[in-house]
Amino acid sequence: MTPDETKQHTVPADERLASAAEKAGVLIEALPWLQRFHGATVVIKYGGNAMVDGELKAAFAQDMVFLRLAGLKPVVVHGGGPQISAMLERLGIRGEFRNGLRVTTPETMDVVRMVLTGQVSRELVGLINQHGPYAVGISGEDAHLFTATRKETTVDGEVVDLGLVGEVTSVNPDAVLDIVNAGRIPVVSTVAPDADSVVQNVNAETQPGALAPAR
-3 MTPDETKQHT VPADERLASA AEKAGVLIEA LPWLQRFHGA TVVIKYGGNA MVDGELKAAF
57 AQDMVFLRLA GLKPVVVHGG GPQISAMLER LGIRGEFRNG LRVTTPETMD VVRMVLTGQV
117 SRELVGLINQ HGPYAVGISG EDAHLFTATR KETTVDGEVV DLGLVGEVTS VNPDAVLDIV
177 NAGRIPVVST VAPDADSVVQ NVNAETQPGA LAPAR
């Protein structure tokens, strides 16, 4: 590395001190909350801008490790809407939304499973594990974690078939609790089989709420 390159990668001392002071302030403010919830299992939804911005992805992963080291037991539940849409477009598969929900054909469901469990989950697990052997990926299909039922929606007074779209109706948290009790951080992707073992696309906004009461 040349002197110029070294200079470019050096953070000024005043910036480092300001950053350290800011982090210390956050920790002081968070201390009562951390004490209150020490030892508690907390279900956290990973989505929005944190999924598409590189710095926010890294910061989220670091935050999960911080919570774990601070004595909490984080469980991360994620979707992957932007990544699914991008992959469908890349593959030339038409995407459609009705009433804010993705119409999911069997072909689309294959992409949903591939992206959620093979891309989004693996990326987040990797980011968390840069800080140590903490994260373990798991999907709603694994060990009967979630069971879903098909979901319909109403548009302009008419019932619309959304295809392979479901909502969680039962939870078996044993697999997640095993991971938590081993000191790890479960990273849960939002797909779930129905009673006939047909996998459904489940809205990531609803899965954290379904999992939380079963802790």
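Per the working numbering, residue -3 is the first one in the sequence shown, and the count goes up by one each step. Each residue gets a CB set at the ideal place from its N, CA and C atoms; glycine is no exception.
What's the C-alpha gap between GLN126 and MET60? For the pair GLN126 and MET60, the Cα-to-Cα distance works out to about 12 angstroms.
Do you know offhand how far PRO189's Cα is from GLY50's? Cα-Cα distance, rounded: 31 angstroms.
When you compare only the Cα positions, how much space is there between LEU52 and GLY43? In this model, LEU52 and GLY43 are separated by some 11 angstroms (Cα to Cα).
Roughly how many whole angstroms lie between the Cα atoms of ASP152 and GLY96? For ASP152 and GLY96, the distance between alpha carbons rounds to 13 angstroms.
Reduced DSSP secondary structure (H/G/I, E/B, other) of HIS140: Reduced to three states, the DSSP call for HIS140 is helix.
So the candidates are GLU103, ARG94, PRO70, GLY67; which of them puts its Cα closest to the Cα of MET83? For the residues GLU103, ARG94, PRO70, GLY67, the minimum Cα distance to MET83 belongs to GLU103.
Quick one: residues in its chain with C-beta nearer than 6 angstroms to the C-beta of GLY133, no 5 flanking neighbours on either side, listed in chain order? SER117, VAL121, VAL183.
Sheet register partners of PHE33 (DSSP bridge): None; PHE33 has no bridge partner.
Quick one: measure Cβ to Cβ for LEU158 and ARG94, integer angstroms, because I've assumed they're closer than 8 angstroms. About 6 angstroms separates the beta carbons of LEU158 and ARG94, which is inside the 8 angstroms limit, making them a contact pair.
Rounded straight-line distance, which links the Cα of THR145 to that of VAL108: Approximately 17 angstroms, taken between the alpha carbons.
Can you list, in chain order, the residues of its chain whose CB lies under 7 angstroms from that of PRO70, leaving out five sequence neighbours each side? The answer, listed in chain order, is VAL38, ILE40, MET60, LEU63, ARG64, ILE181.
Report the partner residues of LYS147 according to the DSSP bridge assignment. DSSP lists no partner for LYS147.
Where the alpha helix (DSSP H) containing VAL172 begins and where it ends: Per DSSP, VAL172 is one residue of the alpha helix (DSSP H) stretching across 170 to 177.
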